[in-house]
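Numbering follows my numbering, with no gaps: position 182 of the sequence shown is 184.
Even glycine gets a Cβ: it sits at the ideal position worked out from N, Cα and C.
Working notes, structure below.
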Amino acid sequence: MSYKLWKSVLEELPFNLNTLPQPTYLVGGWVRDRLLGRQAKHLDLDLVMPTRAVETASSLALSYQTGFVLLDRERQIARVVFANATVDFAQQIGDTIAEDLHRRDFCMNAIAINCQALCDLSKSLGSLPPDLPPNLLIDPLHGYSDLQNKLIRMVAPENLLDDPLRVLRGYRQAAQLGFAIESQTRLALQHAAAGFVNQVAAERVRTELCYLLAIANGAEWFEAAARDRILVDWLPLDHLI
Numbered sequence: 003m004s005y006k007l008w009k010s011v012l013e014e015l016p017f018n019l020n021t022l023p024q025p026t027y028l029v030g031g032w033v034r035d036r037l038l039g040r041q042a043k044h045l046d047l048d049l050v051m052p053t054r055a056v057e058t059a060s061s062l063a064l065s066y067q068t069g070f071v072l073l074d075r076e077r078q079i080a081r082v083v084f085a086n087a088t089v090d091f092a093q094q095i096g097d098t099i100a101e102d103l104h105r106r107d108f109c110m111n112a113i114a115i116n117c118q119a120l121c122d123l124s125k126s127l128g129s130l131p132p133d134l135p136p137n138l139l140i141d142p143l144h145g146y147s148d149l150q151n152k153l154i155r156m157v158a159p160e161n162l163l164d165d166p167l168r169v170l171r172g173y174r175q176a177a178q179l180g181f182a183i184e185s186q187t188r189l190a191l192q193h194a195a196a197g198f199v200n201q202v203a204a205e206r207v208r209t210e211l212c213y214l215l216a217i218a219n220g221a222e223w224f225e226a227a228a229r230d231r232i233l234v235d236w237l238p239l240d241h242l243i
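Written as structure tokens, this is what we have:
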């Protein structure tokens, strides 16, 4: 884990993490990409907190005079839009962050960083060390090991059924990251794709397929999805099987 990457987090953020109620956790794709050393010009952050996610997002947007979007009041999900960052706030599902992480799609996406611990470390040492101490990472499903092994592994088969679009995301992320899909996970993806056509809006499927095919080796994983009969309800691809 690069010193420059972690230091840039605190420097590039358009707001101070210390202004957020604690505990707050950075989660999801951004954490995964940072651990892989991947950077993007536009920050796309996901924050999880035990309570008051929408209220916190609204207050932050008001303080910085920037955009606020209420995505789901019942589930407490909101978005704050800055010039160089999009920050999604969500209320933690379950009593602990570990429980929340256990509801996610793949283990590599189920890693959290304690924001307060990150800020405290920076203040106490004056600068972040070359390697982030392991106690700052919350990784109950050993997702960091999967990142090192370039492997996509499901959290649980039932999690894929919660949002069947996660099936296509598995193939897209394999193409995007150059990872392999673990064998049992691949079988679970095939199972979750059954009845796909009745559960996911066509527009969402089209968008995900466009993302996949826009990747350099996306066609290879598109064909893999066809061979796995992921798309059988959507496209006549029997000649690829």
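- Exclusion of the five residues before and after G30 leaves D48 and N111 as the residues of its chain whose Cβ lies within less than 7 Å of its Cβ.
- Contact annotation, A87 with V56: C-beta distance approximately 18 Å; criterion of less than 8 Å not satisfied.
- Rounded to the nearest whole angstrom, the C-alpha separation of F224 and R206 is 16 Å.
- When secondary structure is reduced to three states using DSSP, A177 falls in the helix class.
- Every alpha helix (DSSP H) stretch that sits fully inside the segment 190 to 223 and reaches 4 residues is listed by chain position as 204 to 215.
- D141 sits in coil when the DSSP states are folded into three classes, being neither helix nor strand.
- Note that the C-beta distance between Y173 and A227 is below 8 Å.
- T58 and E14 have their alpha carbons spaced roughly 20 Å apart.
- By the CB criterion at 8 Å, D230 and R171 fall outside the cutoff.
- When the five nearest sequence neighbours on each side are left out, no beta carbon in the same chain lies closer than 6 Å to the beta carbon of H144.
- When A114, A203, E101 and Y66 are compared, the shortest CA-CA separation from W236 is found for A203.
- Counting along the chain, G69 sits inside the beta strand (DSSP E) bounded by residues G69 to D74.
- Within the same chain, L167, L170, R171 and R174 come within 7 Å of E210 by CB-CB distance, once the 5 residues on both sides are set aside.
- The C-alpha of R36 is placed about 15 Å away from the C-alpha of Q178.
- With distances taken between CA atoms, Q93 lies nearest to M51 out of V157, S65, L103 and M51.
- When DSSP reads this structure, T26 sits in no beta bridge, so it has no partner.
- Unbroken alpha helix (DSSP H) runs of no fewer than 4 residues, entirely contained in the segment 25 to 104, are found at 31 to 37, 55 to 66 and 99 to 103, following chain order.
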